[in-house]
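Chemist: Here it is, the structure, as structure tokens.
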Amino acid sequence: MTEFEIKEKVRLALGKSRVDAGKTQQEMANYLGVKYQTVQNWEAGVSNPSFYKVYQWFDCLHLNMYAYMGTSKDTVDSIASLASNLSPECQYKLEQMLIDRRCERLIQYAFFTKEYFFNESTKA
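If you want the numbering used here, it's the position in the sequence shown, counting the first as 1, plus 118.
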């Protein structure tokens, strides 16, 4: 799955989940502490929310992010491929998620894993 495809999947999931939950863009903006235009831009694909904001979005709506974005063999393969390129510290974090049986959580966030771990490894 390409970066563009991932961003498109996120964009579509944000809009659909908000509408399904009966929330307005303004309500989402208020909850997330961002401007109304920011939510508009995320849903239009003009800009992209951070991993944390996407997490907050689905938490606010009490919806399962996994149900809106799904997973695929390509996603799991991408995580496996990425792991070999991570710093030892990030590899350890990934390993702990698997050992602690948080696999479902890992897969829920698979679309953001690359960005999350890349940012973590550049901080080291």
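C-beta atoms are modelled at their ideal positions from N, C-alpha and C, and glycine is treated no differently.
Helix, strand or coil for Ser239 per DSSP?
Modeler: Because Ser239 carries a pLDDT of 48, less than 50, the predicted location of this residue cannot be relied on, and the following value inherits that uncertainty. Ser239 falls in the helix class under three-state DSSP.
Chemist: Excluding the 5 residues preceding and the 5 following Phe176 in the sequence, name in chain order all residues of the same chain whose CB lies nearer than 8 Å to its CB.
Modeler: If we look at Phe176 and ignore the five residues flanking it on each side, its Cβ neighbours are Ser135, Asn182, Met183 and Tyr186.
Chemist: What did DSSP end up calling Lys211 once you bin it into helix, strand or coil?
Modeler: Three-state result, Lys211: helix.
Chemist: On the DSSP letters alone, give me the boundaries of the alpha helix (DSSP H) that Ser135 sits inside.
Modeler: Looking at the DSSP string, the run of the alpha helix (DSSP H) that includes Ser135 is Glu121 to Asp138.
Chemist: Determine the closest residue to Asn166 out of Glu207, His180, Glu145 and Lys127, with distance taken between C-alpha atoms.
Modeler: Among Glu207, His180, Glu145 and Lys127, the Cα nearest to that of Asn166 is on Lys127.
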